[in-house]
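Residue numbers (full-length UniProt numbering): 1 to 323.
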């Protein structure tokens, strides 16, 4: 990243941050929980945009209705000085983020101009969009890459008439040192994730997560956040890591199932049908495995397990009785 020139802002700014409301069918993540805090989010914005805003009270957090596209939900959306930012966190590589962001931003713009006439002779101004993905998956990526909507266009000839660019920042430990230097919360989050992965190679996932949480608290890494939200962070981390591993298996299964079906039937639809079936079954499997791990720990209620796994309480009770 380029050298940062920081200037104090003397003029009071108004920040509007939109944080998705909870939905039982969509599991929260440690990243989203951590940066829903306005002080942490302001620090992250400053680091990414080379700014130096100081007062988190200038940042107004409001609730945004759930907006789920392609099975995923936007993490954080906020407007600063007539610029609209969409922040995403991904633990697996996903080339479809630009298309999903197109759906999301279209919906957001529709809300912003809902009471204004698009048939008037006056140009309706809208916030300029910025799309950032914070990636910490195991697939190797450089510090900064871009995903473009035009990559999905079939038979594109010449310059695309519609484009959307997502900047992907690798926030794994050891990447984007300057960004981490200017946002200690992001740096410590990367350290926590690295420890979970390190310990999970030699012990059960439950043990690995608990060990990482305890060690980070002891060493002052996200200590206050982890101490205050220990049970939730453990549950979220178990699900996130289960989901990350499951999605890796799914990508292989989707390809194999789709290729096999397509080869047998001789139809191009075989691949897409294999993907859809494999993804749906894999999501359910990941939720069940998460519930089983949480039941085995004997530290969570049926209601808590249902909330974090996305299963119904009845489904969790059935898994418990079968164990």
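Heads up, the beta-carbon is just placed ideally off N, CA and C, and yes, glycines get one too.
Checklist entry - Using DSSP with H/G/I as helix, E/B as strand and the rest coil, what is residue 167? => result strand
Item to check | Meets three-Cβ-pair contact criterion under 8 angstroms: the segment 104-114 and the segment 123-135 | outcome: yes
Item to check | Cβ neighbours of residue 24 in the same chain (closer than 8 angstroms, five flanking residues each side left out) | outcome: Reliability fails at residue 24, whose pLDDT of 35 lies under 50, so the model's placement of it is uncertain and no value is given.
Next on the checklist: Can you look up residue 330 in the DSSP assignment and give me helix, strand or coil?
Outcome noted: This structure cannot speak to residue 330, because the chain is shown only from 1 to 323.
Item to check | Three-state secondary structure assigned by DSSP to residue 118 | outcome: coil
Item to check | Option in 291, 298 and 147 with minimal Cα separation from residue 88 | outcome: Among 291, 298 and 147, the Cα nearest to that of residue 88 is on 147.
Checklist entry - Can you tell which of 77, 35, 78 and 236 has the C-alpha that lies nearest to the C-alpha of residue 205? => result 236
Item to check | residue 155, DSSP secondary structure in three states | outcome: coil
Checklist entry - Per DSSP, residue 146 forms a beta bridge with which residues? => result 167
Next on the checklist: For residue 216, count the other beta carbons within 10 Å of its own beta carbon; 16 or more makes it buried, fewer makes it exposed. Which is it?
Outcome noted: The residue in question, residue 216, is buried, as its Cβ has 16 or more Cβ neighbours within 10 Å.
Item to check | Supposed close pair residue 238, residue 294 - CB separation, criterion 8 angstroms | outcome: Distance from residue 238 to residue 294 at the Cβ level is roughly 7 angstroms; contact confirmed, criterion being Cβ atoms closer than 8 angstroms.
Item to check | Simplified DSSP state of residue 104, which is helix, strand or coil | outcome: Residue state, collapsed to three classes: helix.
Checklist entry - Should residue 102 and residue 134 be called a contact, given that it needs their Cβ atoms to be closer than 8 angstroms? => result No Cβ-Cβ contact shorter than 8 angstroms links residue 102 with residue 134.
Checklist entry - In three-state DSSP terms, what is residue 78? => result strand
Item to check | Reduced DSSP category for residue 140 - H, G, I as helix; E, B as strand; rest coil | outcome: coil
Checklist entry - For residue 47, which residues of its own chain have a beta-carbon under 6 angstroms away from its beta-carbon, when the five flanking residues on both sides are left out? => result Same-chain partners within the cutoff: 179, 182 and 183.
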